[in-house]
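Heads up: the structure comes next, in structure tokens.
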Amino acid sequence: MNKTKAVIPGSFDPITYGHLDIIERSADRFDEIHVCVLKNSSKGGTFNIEERMDLIRGSVAHLSNVEVHHFNGLLVDFCKQVGAKTIVRGLRAVSDFEYELRLTSMNKKLNNNIETMYMMTSTNYSFISSSIVKEVAAYKADISEFVPPNVAEALKEKYYK
Ligand code: PNS
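In this text, residue positions in the sequence shown follow UniProt numbering: the first is 1, and each later residue adds one.
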């Protein structure tokens with residue numbers, strides 16, 4: 001029988017509990033989850049690609065059906081490479097909608113066989129983003145509520161010194 005596969009793409013700079021919520025819930029519903037770090041041309045980088053992947057790997061170690069990748073190209077081409085027909089994205093608030101609509105419409109134009117499914121981020125995490133966590137970390141605030149312990153350590157290393 002064919003395995004159900006989903007790709008969870010993002011910048012993950014760094015992964016937060018909001019991302020992890022979507023990954024865990026997807027891992028419960030698909031046979032294979034491929035988390036992929038891709039380039040968002042409108043964002044800079046705080047952590048390099050290897051660091052981001054290490055932080056994701058450390059955060060998903062309890063999920064046996066999750067693999068972590070990076071890809072230097074179009075998301076739809078990565079989906080083809082791993083044989084996935086579904087992209088999963090988290091939706092936090094109405095403010096995410098327009099951006100997500102543009103992303104999904106473009107991906108659909110690029111490859112009509114790939115569907116994007118949206119999952120509402122759990123309400124506890126609906127206000128968390130990598131950038132807002134980095135913003136408060138820069139002021140040495142406690143960020144342990146928002147990111148997994150390995151990520152909190154990495155943020156402390158970067159910002160608290
Ligand atoms: O976490 P983000 O920054 O919202 O994720 C956006 C990301 C990285 C998934 C998106 O920018 C992306 O897919 N980049 C790869 C290039 C691509 O395929 N672009 C076409 C879709 S707009």
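Ideal placement from N, C-alpha and C gives every residue a C-beta, glycine not left out.
Start and end residues, alpha helix (DSSP H) containing residue i
| i | result |
| --- | --- |
| residue 136 | 130 to 137 |
| residue 70 | It is not in any alpha helix (DSSP H) - residue 70 instead sits in the beta strand (DSSP E) that spans 66 to 70. |
| residue 57 | 49 to 59 |
| residue 150 | 149 to 159 |
| residue 78 | 75 to 82 |
| residue 23 | 17 to 27 |
Enclosing beta strand (DSSP E) for residue i [first to last residue]
| i | result |
| --- | --- |
| residue 118 | 115 to 120 |
Paired residues, beta bridge with residue i - DSSP
| i | result |
| --- | --- |
| residue 110 | Residue 110 pairs with nothing; no bridge assigned. |
| residue 7 | 34 and 87 |
Same chain, Cβ closer than 8 Å to residue i, five either side skipped, listed in chain order
| i | result |
| --- | --- |
| residue 154 | 14, 47, 51 and 55 |
| residue 156 | 137 |
| residue 85 | 5, 79, 113, 114 and 115 |
| residue 147 | 14, 15, 16, 17, 133 and 155 |
| residue 103 | 89 and 116 |
| residue 162 | The structure shown has nothing for residue 162, since the chain only spans 1 to 161. |
| residue 97 | 91 |
Own chain partners of residue i with C-beta closer than 6 Å, once the 5 adjacent residues on each side are dropped
| i | result |
| --- | --- |
| residue 210 | No answer is possible for residue 210: it lies beyond the span of the chain, which begins at 1 and ends at 161. |
| residue 72 | none |
| residue 82 | 34 |
Same chain, Cβ closer than 7 Å to residue i, neighbours up to 5 away in sequence not counted
| i | result |
| --- | --- |
| residue 53 | 37, 68 and 70 |
| residue 108 | none |
| residue 143 | 133, 136, 137, 152 and 155 |
| residue 131 | none |
Near ligand 3: residue i beta-carbon under 7 Å from a heavy atom
| i | result |
| --- | --- |
| residue 113 | In terms of ligand content, the structure shown lacks ligand 3 and carries ligand 1 instead. |
Quick one: residues with CB closer than 6 Å to any heavy atom of ligand 1, in chain order, please. My final list is 9, 10, 11, 38, 39, 40, 43, 74, 75, 103, 106 and 107.
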